[in-house]
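Numbering (our numbering), first residue to last: 100 to 336.
Beta carbons: idealized from backbone N, C-alpha and C, even for Gly.
Small disclaimer: the values here were computed from a predicted structure and weren't measured.
Shown next, in structure tokens, is the structure this report addresses.
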Amino acid sequence: MQERRLLGRQDLEASPVVANCAMNRERDVTGTNGYGIELGVEPLEWLRQRLSRQRVVRWLDLCCGSGKALIQAAEYCESARDAVLASGVVQITGVDLVNMFLPNHSDSLRLIVSSVFDFTPGDRFDLITCVHGLHYLGDKLRAIALAGSWLEPDGMLIANLDVKNMRLGESQLGYQAFARALRAAGFQYDARRHRLQRFGHVDWEPPFHFVGADDTVGPNYTGQPVVESVYVKLCPI
Numbered sequence: 100m101q102e103r104r105l106l107g108r109q110d111l112e113a114s115p116v117v118a119n120c121a122m123n124r125e126r127d128v129t130g131t132n133g134y135g136i137e138l139g140v141e142p143l144e145w146l147r148q149r150l151s152r153q154r155v156v157r158w159l160d161l162c163c164g165s166g167k168a169l170i171q172a173a174e175y176c177e178s179a180r181d182a183v184l185a186s187g188v189v190q191i192t193g194v195d196l197v198n199m200f201l202p203n204h205s206d207s208l209r210l211i212v213s214s215v216f217d218f219t220p221g222d223r224f225d226l227i228t229c230v231h232g233l234h235y236l237g238d239k240l241r242a243i244a245l246a247g248s249w250l251e252p253d254g255m256l257i258a259n260l261d262v263k264n265m266r267l268g269e270s271q272l273g274y275q276a277f278a279r280a281l282r283a284a285g286f287q288y289d290a291r292r293h294r295l296q297r298f299g300h301v302d303w304e305p306p307f308h309f310v311g312a313d314d315t316v317g318p319n320y321t322g323q324p325v326v327e328s329v330y331v332k333l334c335p336i
């Protein structure tokens, strides 16, 4: 059996699979192709509920693609169509590795070209979303840990995650260990819907070491080619 070649971060970020232009480029903030369908939560409704009890809300979207959905959200919040959203301050930040952003004319939206692992936010966030972006990251657990550390104490993280795209050594069933570790750290993982959720800030150190990633495994449940992340379990000190 030929040993597969695992990619480190630099090589992986140059992979055409990671620079996938078919996933989030045309996604809307609402509707049949919207964030709510993929995440089970409507971001605009979440922001509206937060603004009913605080003046400023911050939303971070990781792996935001073209930023189309965020541009729609910012324009809607700045319009007078929703009294609650218009009455407060909504600050939206989108981060993506590839600069394929649509033109943005909103003062309330920042679109940033950056790896998730290089992004350094100045504030914590009330809402953090990642629509299918984790499928293309090498160290998925590190990205999840970073996102958890960027939450407000009562903020929410919600993302698409398929733990079957994560491997513990060469074990075919090792992905079950990742689901257990996430749940033990206070994350909610819905294997059937492929959703990860977390309420509240957390400083979490994953009990696994990232070895490398394989961008040749083909499609997952989305039908798009993805990246498989390979880990080994850390030995307790």
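Sorted by chain position, which residues of the same chain lie with C-beta nearer than 7 Å to residue i's C-beta, five sequence neighbours on each side aside?
i, result
"A172", "V128, P142, L143, I191"
"G107", "G311"
"G268", "V331"
"G166", "G193, F200, L201, N203, L210"
"G135", "T129, E141"
"E112", "L196, S214"
Assuming residue i contacts residue j under a Cβ cut-off of 8 Å, what Cβ separation, rounded to an integer in Å, is found between them?
i, j, result
"G247", "W303", "6 Å"
"P318", "V326", "Contact flag wrong, Cβ pair sits at about 11 Å."
"R279", "L250", "About 22 Å; that fails the 8 Å criterion."
"R152", "F224", "16 Å between Cβ atoms; not a contact."
"D313", "T228", "Rounded, the Cβ-Cβ distance is 26 Å, inconsistent with contact."
"S114", "I170", "In fact, because the Cβ distance is near 27 Å, the residues do not count as touching under 8 Å."
By the 10 Å Cβ neighbour count, where 16 or more other Cβ atoms means buried, how is residue i classified, buried or exposed?
i, result
"A118", "exposed"
"L333", "exposed"
"V183", "exposed"
"V155", "exposed"
"T219", "exposed"
"N264", "buried"
"A290", "exposed"
"H308", "exposed"
"A283", "exposed"
Taking DSSP as the reference, what is the three-state secondary structure of residue i?
i, result
"L105", "coil"
"D206", "coil"
"L295", "strand"
"W249", "coil"
"L111", "helix"
"A61", "With the chain covering only 100 through 336, there is no way to say anything about residue 61."
"W158", "strand"
"R282", "helix"
"Y175", "helix"
"P142", "helix"
"A182", "helix"
"G232", "helix"
"Q148", "helix"
"Q153", "coil"
"R241", "helix"
For residue i, which residues in the same chain have their Cβ closer than 8 Å to its Cβ, ignoring the five residues on either side in sequence?
i, result
"R266", "G273, Y274, E327, S328, V329, Y330"
"S207", "A173, C176, E177, V188, V189, Q190, I191"
"G139", "I257, R292, R294"
Given residue i, which residues of its chain have a CB within under 6 Å of its CB, disregarding the five upstream and five downstream residues?
i, result
"I211", "V194"
"C176", "L184, V189"
"V197", "A118"
Suppose contacts are defined by Cβ-Cβ distances below 8 Å. Is residue i in contact with residue j by that definition?
i, j, result
"V215", "A242", "yes"
"S186", "L150", "yes"
"E137", "N259", "yes"
"G64", "C162", "Nothing can be reported for residue 64, as the shown portion of the chain is limited to 100 through 336."
"D253", "G285", "no"
"M255", "L281", "no"
"Y235", "V116", "yes"
"R110", "R147", "Before going on, a small fix: residue 110 reads as Asp here, not Arg. Cβ distance not < 8 Å, so D110 and R147 don't count as in contact."
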